[in-house]
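Accompanying notes for the structure given below.
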Amino acid sequence: MSDIFRQRLRVTAAMTDENGHVNNVEYIRWMQQVAIAHSRAQGGLAILEPLGCTWVARRHEIEYLQPALPGQIIELQTWVSDLRKVRSLRKYRFVRCPDGMLLAQAQTDWVFVETASGRPRSVPDALIRCYPLVGPEREQGLLAALRYETSLADQPVLAADLLAPAATPLHPLLRSRFSPYVFAPRPVAGADLAALFEAARWAPSAYNEQPWRYLLTERGSEAFAQLLACLVPGNQEWAGRAPVLVLCLCQRQFSANGKPNPTAAHDLGLATGNLQIEAGARGLQVHPMSGFDPAAAAATFAVPETVRPVAVLAIGYTGDQEDAASAELWQRDQQRRPRRPTSDFLFAGRYGQPWQAADA
Ligand SMILES: Cc1cc2nc3c(=O)[nH]c(=O)nc-3n(C[C@H](O)[C@H](O)[C@H](O)COP(=O)(O)O)c2cc1C
1 MSDIFRQRLR VTAAMTDENG HVNNVEYIRW MQQVAIAHSR AQGGLAILEP
51 LGCTWVARRH EIEYLQPALP GQIIELQTWV SDLRKVRSLR KYRFVRCPDG
101 MLLAQAQTDW VFVETASGRP RSVPDALIRC YPLVGPEREQ GLLAALRYET
151 SLADQPVLAA DLLAPAATPL HPLLRSRFSP YVFAPRPVAG ADLAALFEAA
201 RWAPSAYNEQ PWRYLLTERG SEAFAQLLAC LVPGNQEWAG RAPVLVLCLC
251 QRQFSANGKP NPTAAHDLGL ATGNLQIEAG ARGLQVHPMS GFDPAAAAAT
301 FAVPETVRPV AVLAIGYTGD QEDAASAELW QRDQQRRPRR PTSDFLFAGR
351 YGQPWQAADA
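For the sequence shown, full-length UniProt numbering assigns the number 1 to the initial residue and increments by one for each residue that follows.
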């Protein structure tokens with residue numbers, strides 16, 4: 001285990017301010033939270049309590065480099081850089097997952113005091129031994145070793161842990177994807193929307209036909225209200241709160257010869273899969289829906305006969321409890337939906353016979 005302690009959290013809308021990103025004060029809360037978790041893990045808290053002593057912060061220094069946004073998973077990294085007499089210097093890094101972007105770095109000067117009097121006390125040897133020191137000479141090497149690991153979701157998420165309990169380690173973008181019923185009111189920037197469809201553009205397709213088509217609507221527009229009206233009531237209840245609704249369509253025939261394209265809907269699904277993963281990388285989530293009236297959508301948006309409306313997507317940032325249309329919908333988002341075991345759908349030899357890895 002590294003001498004750098006790590007914990008992950010998911011950014012919620014409640015952590016953000018009117019600028020739409022995590023408020024600067026929140027980082028101090030995170031510093032406190034991860035320092036306590038580290039001390040508990042190292043056995044430091046257990047030594048502290050009977051001594052009647054505690055640590056108090058004397059000075060914080062924080063350098064903010066990039067904003068943290070709702071839905072993103074942030075890894076908090078901390079280590080003790082120096083510990084002597086009555087003082088400890090603790091350092092922190094805030095790293096976005098899974099791309100490892102450093103969002104902020106910080107350090108705190110802690111003073112060891114007697115709780116009752118507030119007077120500084122010498123840090124006892126037993127406490128000093130709890131913390132592996134990571135001075136400047138070790139810091140860079142240890143952080144470099146973490147960099148790859150940071151891209152794997154091997155650390156627990158502190159709040160609202162929605163990572164899929166996958167049977168084998170998977171890419172964090174796959175584990176953190178889900179279809180939310182609760183969206184934050186925050187709009188999606190045009191550049192992010194453009195990137196989602198650029199991701200769709202690079203999907204594979206039979207004969208490179210690229211049969212996918214999308215019709216994008218944003219909340220507040222007439223088209224959004226029209227697409228919302230095409231959804232079944234159960235979907236309208238929550239999807240109207242998403243900032244973006246997208247009608248997904250596919251061209252039924254090959255453009256070269258006019259023959260039916262049997263994998264058009266499949267290839268639309270591949271493109272939408274790309275879109276979902278790019279959305280996850282940008283802190284967004286996507287909820288697909290087949291609960292809508294395709295004929296009504298075709299009539300409303302003047303869709304040609306040769307193009308088939310297949311699904312609707314709700315896209316946005318996951319919301320907090322107060323953003324939910326109902327308590328029941330909020331509860332739906334608090335756990336991962338179950339999955340069949342792989343043996344139910346992965347066969348070998350003949351249909352129905354589960355595949356097994358030769359080296360399992
Ligand atoms: C093509 C398609 C249609 C879906 N239609 C609906 C729908 O109409 N309403 C709904 O609430 N969820 C709908 N879903 C979401 C599924 O219920 C959801 O993907 C599934 O339960 C697994 O949950 P997860 O995506 O959160 O992992 C649809 C998903 C897909 C891929």
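Glycine included, C-beta positions come from ideal geometry on N, C-alpha and C.
Any non-hydrogen atom of ligand 1 within 7 Å of residue i CB
i      : result
Gly291 : yes
Pro204 : no
His171 : no
Ala229 : no
Pro288 : yes
Ala264 : no
Arg58  : no
Ser343 : no
Arg10  : no
Arg337 : yes
Ser176 : no
Ala166 : no
Asn274 : no
Ser179 : yes
Ala324 : no
Ala311 : yes
Asn235 : yes
For residue i, three-class secondary structure by DSSP
i           : result
residue 362 : A query on residue 362 cannot be resolved here, the shown segment of the chain reaching from 1 to 360 and no further.
Gly118      : coil
Gln107      : strand
Tyr64       : strand
Gln7        : strand
Trp202      : coil
Val286      : strand
Phe301      : coil
Leu173      : helix
Phe197      : helix
Leu69       : coil
Asp359      : coil
Gly141      : helix
Pro156      : The predicted position of Pro156 is uncertain, since its pLDDT is 38 and thus under 50; no value can be drawn from it.
Gly43       : coil
Ala281      : helix
Ser2        : coil
Val188      : coil
Ala164      : coil
residue 367 : The structure shown does not extend to residue 367, since the chain is modelled only from 1 to 360, so the question has no answer here.
Ala35       : helix
Counterpart residues of residue i in DSSP-defined beta bridges
i           : result
Val95       : Glu75 and Leu102
Ser88       : Leu83 and Trp110
Thr16       : Val22
Trp55       : Phe112
Trp212      : Cys250
residue 361 : A query on residue 361 cannot be resolved here, the shown segment of the chain reaching from 1 to 360 and no further.
Phe183      : Thr318
Phe292      : Leu231
Interface flag, residue i vs chain D, CB-CB below 8 Å
i      : result
Ala311 : Reference to chain D is not applicable here, since this structure consists of a single protein chain.
List, from N- to C-terminal side, the alpha helix (DSSP H) runs of 4 residues or more that fit wholly inside the segment 214-277.
222-229 and 233-239
Enumerated in chain order, which unbroken segments of the beta strand (DSSP E) with a length of 3 residues or greater are wholly contained in the segment 306-357?
307-316
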